[in-house]
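Reading through the structure tokens given below for one structure.
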Amino acid sequence: MNKANQIEAIRWVALGSTVALIVLGVAWEMFLAPVRPGGSLLALKVLPLCLPLAGILKNRMYTYRWMSLLVWLYFTEGAVRAWSDKPPGNYLAMMEVVLCLILFTACALHVKLRFKGIPKLPKGSY
Numbered sequence: 749m750n751k752a753n754q755i756e757a758i759r760w761v762a763l764g765s766t767v768a769l770i771v772l773g774v775a776w777e778m779f780l781a782p783v784r785p786g787g788s789l790l791a792l793k794v795l796p797l798c799l800p801l802a803g804i805l806k807n808r809m810y811t812y813r814w815m816s817l818l819v820w821l822y823f824t825e826g827a828v829r830a831w832s833d834k835p836p837g838n839y840l841a842m843m844e845v846v847l848c849l850i851l852f853t854a855c856a857l858h859v860k861l862r863f864k865g866i867p868k869l870p871k872g873s874y
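Just add 748 to the spot in the sequence shown (first one is 1) and you have our numbering.
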């Protein structure tokens with residue numbers, strides 16, 4: 749598989765895991781295991797995940813770089829709630845953790861592959 753195909757495959761993994769995190773977050777807080785019966789405003793936590801969708805679709809390097817940092821907020825929430833929530837909330841939190849790890853890995857691989865072709869600057873020039 750050549751580099752362009754790898755980057756394209758990774759882009760789809762990043763996009764799929766981002767969309768899956770959005771769907772999981774809304775379904776979790778509205779229907780599956782809401783904090784309050786009937787849903788809660790905690791579903792709005794997915795709004796920051798909607799911002800990078802355009803950048804991922806356009807293959808913008810900057811989006812992948814900051815997304816690899818943003819995802820750790822969701823990872824932290826998932827880890828805390830996996831430990832403290834009762835079923836089915838803790839299972840949903842575990843799913844969130846797995847999706848976050850997939851998204852982080854995709855972002856890191858994307859950045860690594862894109863930077864692989866960029867020549868390094870001489871020492872002391874930056």
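Backbone N, C-alpha and C fix where the C-beta goes; we use that ideal spot for every residue, glycine too.
Since the structure is predicted, the reported quantities are computational estimates derived from the model, not experimental observations.
{"Check": "Collapsed DSSP secondary structure at P796 in the structure displayed", "Outcome": "helix"}
{"Check": "Reduced DSSP secondary structure (H/G/I, E/B, other) of M749", "Outcome": "coil"}
{"Check": "CA-to-CA distance, M778 to T811, given in whole angstroms", "Outcome": "28 angstroms"}
{"Check": "Where K864 sits in the DSSP three-state scheme", "Outcome": "helix"}
{"Check": "Nearest candidate by alpha-carbon position, reference A775, set P836, L857 and R862", "Outcome": "P836"}
{"Check": "For A757 and Y822, the rounded distance between their alpha carbons", "Outcome": "23 angstroms"}
{"Check": "Chain D within 8 angstroms of T824, Cβ atoms only", "Outcome": "This model lacks chain D altogether, as it is built from one protein chain only."}
{"Check": "Proximity below 8 angstroms, CB of A768 to CB of L847", "Outcome": "yes"}
{"Check": "Candidates M843, T824 and F863: closest to S765 by CA position", "Outcome": "M843"}
{"Check": "Residue from K834, L797 and I804 whose Cα sits closest to the Cα of A781", "Outcome": "K834"}
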